[in-house]
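Here is the structure we will look at, set down as C-alpha cells.
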Amino acid sequence: MTDPTRPPTDPTTTPEPPASASGMGPAPVATVPPADEQARVEAAAADATPAAEAGPLRARLAALSEGGATRNIGLIVVLVILCIVGFATADTFATTGNIRTILTNASVIGVVTVGMTFVIIGGGIDLSVGSIVGLASVWCTTVATQSYGPFVMVLCALLVGLIVGLVNGALIAYGRLVPFIVTLGMLIGARGLAQQIAGLQTQVVKSETFNGIADGAFLGVPYLVWLLLGTFAIGWVVLNLTTFGRRTVAVGGNPEAARLAGIDIRLHTALLYGVSGLCCGLAAVMLTAQTASGSSTNGQNYELDAIAAVIIGGTLLTGGRGTLVGTFLGVLVFTLITNLFILNNLSTPVQNLAKGLIILGAVLLQRRRSESAT
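The number in this note's numbering is simply the position in the sequence shown, starting from 1, with 200 added.
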C-alpha cells in the first residue's frame, strides 16, 4: 500500500544521491578500487596456459609444476647415463681436472642461457648472443680500456652487452620487427664490429686481477662456477617471485591478455633483450678471464648451444612457459656431451651433427606434447 503523502516517482529518472552527514551536498559514492596489478598480471599469466588445463588456478599451477618436475627428472636420468658412458669410455672422465673443466665450460654458456630463457619465455628469440659476447670481449680488452684497470674492464663489458641487447629490444618492440631478423642482423653486425675493433688480432689481457676471475676459487669451487650459480639463483628469484617474472610469462603466453592487464608489452620486451645482453656481457667477462685474451671469435656458436640448452630444459619455443632449473640441467647435458666427444677424440662435425639431432628431437617432442594437450 502506497503512502498518499509521498510524491510519485518517475521510473525513468535516477534518484539523487543521499545527502552527506554535514549537509553540504551529496555524500560521496563508494567506488570499487582498481584491481591490484599483481592479480591482473597473474590472471594474464593464467590465460597463457592451454585450454586443456582450464580449472582453478591452483590446479593449473600444480599441473605445471608436476610437468616441470617430470622433465627435470628425465634430464637427471640423462645426466646419469652420460656419466656412466664417461666412466666406461674415458679413464680421465672422473678426474678432478676434468670435472673442473666441465663445470667451468658450463659456467660461461650457462650465464648466456639465463638471459636466453627469459627471452624465449617472453615469446622471442635471440640469435646474436654469441656475437655480443665477442664484441663485449674485444671492447673490454682494448689498450685504452685496460689502462683504466680491471673494474672498468668489467663495467665496459657489462655496458656493451646491455646496450646491444636494448638496441635489439627497441628494434623488435618499437620498430615492430621480427625478432629472428633483428637478432640475425645483430649477429652479423656485432661480429663485424668486433673484428673491426680488434683488427682480426687477439688482444692479450695484462691484468692479473682480471684474469684471477677465472683462476681463483672459493671453498675449492672456481669463481666462474659461483658466478654461474649466482646468476641462476637471481634469475630464478626474478622469474618465479617477482612481478617482472609474471609479466614475462604473461607476455610470452598471451600478449593480448597481458595488454588488457595493463602491461606495457613493448617496454617489457625491450627489457627482456636487455637482460639477455647483460648476461652476455657477464659471460664475456668470464670467457675473457678464462682465455686471458679478447678476440672477435669469442662466443662463436653460443647462440646454438644456448637455444639448445633452453629447449632441452623444457622451455617452449612459442613462449609462455619454461623453467631455469630445466635450463641449468640442459646446460649440464650439453656440456657433458661435448666433453665426452672430446675425450673420445670425436671430430667437431660429429659433435655438431649430434647437437643438431638433439635440438630437432627436442622440438619434435615439444610439438607432440602440445598437440596431445589440446
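Virtual Cβ for every residue (Gly too), placed ideally from N, Cα, C.
All values reported here derive from a predicted model rather than from experimental measurement.
Can you give me the start and stop residues for the alpha helix (DSSP H) that residue i sits inside?
i	result
Phe351	350 to 373
Ile511	502 to 512
Ser547	Neither: Ser547 is in no alpha helix (DSSP H) and is coded neither H nor E.
Gln396	379 to 398
Gln419	Residue 419 is actually Leu in this sequence, not Gln. Premise fails: Leu419 is in no alpha helix (DSSP H) and is neither H nor E.
Ile465	465 to 491
Arg459	455 to 460
Ile325	Counting along the chain, Ile325 falls outside any alpha helix (DSSP H), and DSSP gives it neither H nor E.
Ala344	343 to 346
Starting from the C-beta of residue i, find all residues in its chain whose C-beta is less than 7 Å away, skip the five residues before and the five after it, and write them out in chain order.
i	result
Leu366	Ala470, Tyr473, Gly474, Gly477
Arg568	none
Ala221	Residue placement at Ala221 is poorly supported in this model, since its pLDDT is 43, which falls under 50; the coordinates are not used for a value here.
Ala259	Its pLDDT being 46, under 50, Ala259 is placed unreliably in this model, and the value from its coordinates should be taken loosely. Hits under 7 Å: none found.
Val579	Residue coverage of the chain in this structure runs from 201 to 574, which leaves residue 579 outside it and unanswerable.
Asn272	Val525, Gly526, Leu529
Asn501	Gly330
Pro233	Bear in mind that the predicted position of Pro233 carries a pLDDT of just 43, short of 50, making it too unreliable to give a figure here.
Taking the Cβ atom as the reference point for each residue, do residue i and residue j lie within a distance shorter than 8 Å?
i	j	result
Arg466	Ala373	yes
Ser347	Leu424	no
Val278	Val533	yes
Ile559	Thr448	no
Thr383	Thr515	no
Leu517	Ile511	yes
Cys479	Gly315	yes
Thr409	Pro350	yes
Gly481	Ala394	no
Ile434	Phe380	no
Asn411	Ala489	yes
Would you grab the beta carbon distance between residue i and residue j for me? Rounded to a whole angstrom, and I think it's under 8 Å.
i	j	result
Gly361	Ala336	5 Å
Leu529	Gly513	6 Å
Ile542	Ala554	The pair is not a contact, with the Cβ atoms about 12 Å apart (cut-off 8 Å).
Ile413	Trp339	Rounded, the Cβ-Cβ distance is 17 Å, inconsistent with contact.
Gly416	Gly519	About 38 Å separates the two Cβ atoms, so there is no contact after all.
Thr527	Ala509	6 Å
Gln302	Thr535	According to the sequence as given, residue 302 is Ile; it is not Gln. With a Cβ gap of about 6 Å, Ile302 and Thr535 count as contacting.
Asn552	Thr289	With 8 Å as the limit, Asn552 and Thr289 do not qualify as a contact, their Cβ atoms being about 20 Å apart.
Phe418	Trp426	6 Å
Take residue i and list the residues in its own chain whose beta-carbon comes closer than 6 Å to its own, dropping the five residues that flank it on each side.
i	result
Thr304	Pro422, Leu424
Gly561	none
Ala483	Val308, Val311, Val312, Val333
Gly286	Phe293, Leu540
Val485	Val354, Ala357
Asn298	Thr292
Leu327	Thr383, Leu384, Leu387, Glu503
Any heavy atom of the ligand ADP closer than 7 Å to the beta-carbon of residue i?
i	result
Ala483	This structure lacks the ligand ADP, and indeed carries no ligand of any kind.
Excluding the 5 residues flanking residue i on each side, which residues of the same chain have their C-beta closer than 8 Å to its C-beta?
i	result
Trp436	Leu524, Val525
Val352	Thr345
May I ask you to verify whether the stretch 331 to 340 touches the stretch 382 to 393, counting CB pairs closer than 8 Å and requiring at least 3?
yes
Is the stretch 403 to 416 close to the stretch 489 to 496, with three or more CB pairs under 8 Å?
yes
Does the stretch 518 to 528 touch the stretch 428 to 443, meaning 3 or more C-beta pairs lie closer than 8 Å?
yes
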